[in-house]
């Protein structure tokens, strides 16, 4: 059985201690490093100076939109350009980013941020009673529900989702917003103008996942999103997903099969897709039953492919 050995000690609270010692003693064939930071720089520098015989593979969660000219910052952009050639390979969460890296750097392994669907589905089954409790608490029986889950910040583009939803007629339609953030009060003011919009605040754990059991449609309208693990969570719960083309998780969507990808700045397109999605759904009824898993790939197959490509 694999037992992790965490390097918890830090120098000046930011510099991880014991990295070099761990590599020397363990003599790994492959060292996996996270995003650019002190730990990654230390590993790259140590290998260059010591000529250690190990491959360094970096994990990158940037969406194709980000690496295609919309980085979080210039610092982030330059770190990519300088360091990528120094890694033996990179693991990308976005299939389009993987193709870009393969063409530009001749390296890139695709592995999206997805959960083990077997364990996830067992969880969704177990929390069905909790989902039914939410249905009764918020009066959602007989309704068609659009769900948003995420931080309430400008980049999530939630005001656009609210505006578009308000323009759609349908007494049995509901928009549920799960999350918290600096834009909370602004969004609450918008929600007061339409009783069909329900801001429920922040949920975690089972209470959060319970929402995926009851929403028929999930929408992620972000203007910038490295990946968006919520897309995987929603698909596993059986939601029809409308995902921004700016999000890395749009690679999980097969248009017309488990959802649609859209331009988050095109309100008319989003309205059209929301109307179509809501019209093809049946109103929510109790008791709830576990719905079909809408993921088109499996965790087991994806992790096997990563191991084969990284070896």
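In this note's numbering, the protein residues as written are -3 to 307.
Heads up, the beta-carbon is just placed ideally off N, CA and C, and yes, glycines get one too.
**Asked** Is it a yes or a no for the region 115 to 126 touching the region 145 to 161, going by three-plus beta-carbon pairs under 8 Å?
**Response** They do not touch, by the three-pair rule.
**6 Å CB neighbourhood of residue 173 in its chain, flanking five on each side removed** = The sequence position of residue 173 within the chain shown is 177, counting from 1. Excluding residues within five positions, the ones whose Cβ falls inside 6 Å are 144, 195.
**Request:** In angstroms with no decimal places, state the Cα-to-Cα distance between residue 47 and residue 62.
**Result:** Counted from its first residue, the chain shown places residue 47 at position 51. Counted from its first residue, the chain shown places residue 62 at position 66. The straight-line gap from Cα to Cα measures roughly 33 Å.
**Message:** For residue 299, count the other beta carbons within 10 Å of its own beta carbon; 16 or more makes it buried, fewer makes it exposed. Which is it?
**Reply:** Sequence index remark: in the chain shown, residue 299 carries index 303 (1-based). Burial call: exposed.
**Prompt:** Which value, in whole angstroms, describes the spacing of the CA atoms of residue 316 and residue 161?
**Reply:** The question about residue 316 has no answer, for the chain in this structure spans -3 to 307.
**Prompt:** In whole angstroms, what separates the C-alpha of residue 277 from that of residue 30?
**Reply:** Here residue 277 is taken as the residue at index 281 of the chain shown, counted from 1. Here residue 30 is taken as the residue at index 34 of the chain shown, counted from 1. Answer to the nearest angstrom: the Cα atoms are 40 Å apart.
**Prompt:** Between residue 114 and chain C, is there a C-beta pair that is closer than 9 Å?
**Reply:** No chain C is present in this structure, which holds just one protein chain.
**Assigned secondary structure, residue 217 (DSSP; H/G/I helix, E/B strand, else coil)** = Residue numbering aside, residue 217 sits at position 221 when the chain shown is read from its first letter. Correct three-state label for residue 217: coil.
**Message:** Can you tell me which residues form a DSSP beta bridge with residue 237?
**Reply:** On the chain shown, residue 237 is found 241 positions in, with the first residue counted as 1. The partner list for residue 237 (beta bridge, DSSP) reads 214, 255.
**Asked** Quick one: Cα of residue 136 to Cα of residue 258, how far?
**Response** Numbered from its first residue, the chain shown carries residue 136 at position 140. Numbered from its first residue, the chain shown carries residue 258 at position 262. Cα to Cα, residue 136 sits roughly 27 Å from residue 258.
**Every unbroken beta strand (DSSP E) within the region 102 to 164, with a cutoff of 3 residues, ordered by chain** = 140 to 145
**Message:** Assuming contact is defined by CB atoms lying nearer than 9 Å, are residue 243 and residue 221 in contact in what I supplied?
**Reply:** Walking along the chain shown from the start, residue 243 turns up at place 247. Walking along the chain shown from the start, residue 221 turns up at place 225. A Cβ-Cβ contact shorter than 9 Å links residue 243 with residue 221.
**Request:** Could you name the residues of the same chain whose beta carbon sits closer than 8 Å to that of residue 50, not counting the 5 residues immediately before and after it, in chain order?
**Result:** Sequence index remark: in the chain shown, residue 50 carries index 54 (1-based). Excluding positions up to five away in sequence, the list reads 19, 23, 24, 25, 26, 27, 43.
**Item:** Complete alpha helix (DSSP H) runs within the region 16 to 96 (minimum length 4 residues, chain order)
**Value:** 34 to 46, 60 to 63, 70 to 79
**Reference residue 291, options 72, 212, 113, 5, closest by Cα** = Locating residue 291 in the chain shown gives position 295, where the first residue counts as 1. Check the Cα spacing between residue 291 and each of 72, 212, 113, 5: the tightest is with 113.
**Message:** Just list the residues that DSSP pairs residue 192 with in beta bridges.
**Reply:** For the purposes of this step, residue 192 is taken as the residue at position 196 of the chain shown. Its beta-bridge partners do not exist; DSSP assigns none.
**Message:** Which of the three DSSP states is assigned to residue 230 in this structure?
**Reply:** One-based indexing of the chain shown puts residue 230 at position 234. Correct three-state label for residue 230: helix.
**Request:** Could you tell me which of 206, 105, 34 sits nearest to residue 229, measuring between CA atoms?
**Result:** Within the chain shown, numbered from 1, the residue matching residue 229 stands at position 233. Measuring from the Cα of residue 229, the nearest candidate turns out to be 206.
**Asked** Cβ atoms of residue 213 and residue 270: under 9 Å apart, would you say?
**Response** Here residue 270 corresponds to residue number 274 of the chain shown, with the count starting at 1. Here residue 213 corresponds to residue number 217 of the chain shown, with the count starting at 1. A contact, by the Cβ cut-off of 9 Å.
**Message:** Just verifying my parser: in three-state terms, what is the DSSP assignment at residue 249?
**Reply:** Reading the chain shown from its first residue, position 253 is the one you call residue 249. Correct three-state label for residue 249: coil.
**Message:** Just to check my reading of the structure: residue 279 and residue 166 have Cβ atoms closer than 8 Å, yes? What is that Cβ distance to the nearest angstrom?
**Reply:** As a first step, residue 279 must be located in the chain shown, where it is residue number 283. As a first step, residue 166 must be located in the chain shown, where it is residue number 170. About 11 Å separates the two Cβ atoms, so there is no contact after all.
**Classification of residue 41 by the beta-carbon crowding that lies within 10 angstroms, buried from 16 upward** = Within the chain shown, the letter at position 45 stands for residue 41. Exposed, because fewer than 16 other Cβ atoms sit within 10 Å of the Cβ of residue 41.
**Request:** Hey, could you find the ends of the beta strand (DSSP E) residue 172 is sitting in?
**Result:** One-based indexing of the chain shown puts residue 172 at position 176. 169 to 174 is the span of the beta strand (DSSP E), which, as asked, contains residue 172.
**Item:** For residue 271, the first and last residue of its enclosing alpha helix (DSSP H)
**Value:** Walking along the chain shown from the start, residue 271 turns up at place 275. 263 to 275 is the span of the alpha helix (DSSP H), which, as asked, contains residue 271.
**Asked** Starting from residue 305 and walking both ways along the alpha helix (DSSP H), at which residues does that stretch end?
**Response** For the purposes of this step, residue 305 is taken as residue 309 along the chain shown, with counting starting at 1. Counting along the chain, the alpha helix (DSSP H) containing residue 305 begins and ends at 295 to 306.
**Asked** If we call anything under 9 Å between Cβ atoms a contact, is residue 232 one with residue 111?
**Response** By one-based count along the chain shown, residue 232 stands at place 236. By one-based count along the chain shown, residue 111 stands at place 115. Yes, the Cβ-Cβ distance between residue 232 and residue 111 is below 9 Å.
**Message:** Assuming residue 4 is part of the alpha helix (DSSP H), what are its boundary residues?
**Reply:** Taking the chain shown and counting its residues from 1, the one referred to as residue 4 is at position 8. Neither: residue 4 is in no alpha helix (DSSP H) and is coded neither H nor E.
**Request:** Compute the Euclidean distance between the alpha carbons of residue 55 and residue 87, then round it to the nearest angstrom.
**Result:** Taking the first residue of the chain shown as position 1, residue 55 is located at position 59. Taking the first residue of the chain shown as position 1, residue 87 is located at position 91. Whole-angstrom Cα-Cα distance: 5 Å.
**Prompt:** So who's on the other strand from residue 197, going by DSSP bridges?
**Reply:** Counting from one through the chain shown, the residue named residue 197 turns up at place 201. Answer by DSSP bridge pairing, in chain order: 174.
**C-alpha gap between residue 38 and residue 16, whole angstroms** = Walking along the chain shown from the start, residue 38 turns up at place 42. Walking along the chain shown from the start, residue 16 turns up at place 20. A direct Cα-Cα distance of roughly 8 Å separates residue 38 from residue 16.
**Prompt:** Which residues in the same chain as residue 283 place their Cβ atom closer than 6 Å to its Cβ, once the five residues preceding and following it in sequence are excluded?
**Reply:** In the chain shown, residue 283 corresponds to position 287, counting from 1. Hits under 6 Å: none found.
**Request:** Consult DSSP for residue 225 and reduce its assignment to one of helix, strand or coil.
**Result:** On the chain shown, residue 225 is found 229 positions in, with the first residue counted as 1. Three-state DSSP puts residue 225 in coil, outside helix and strand.
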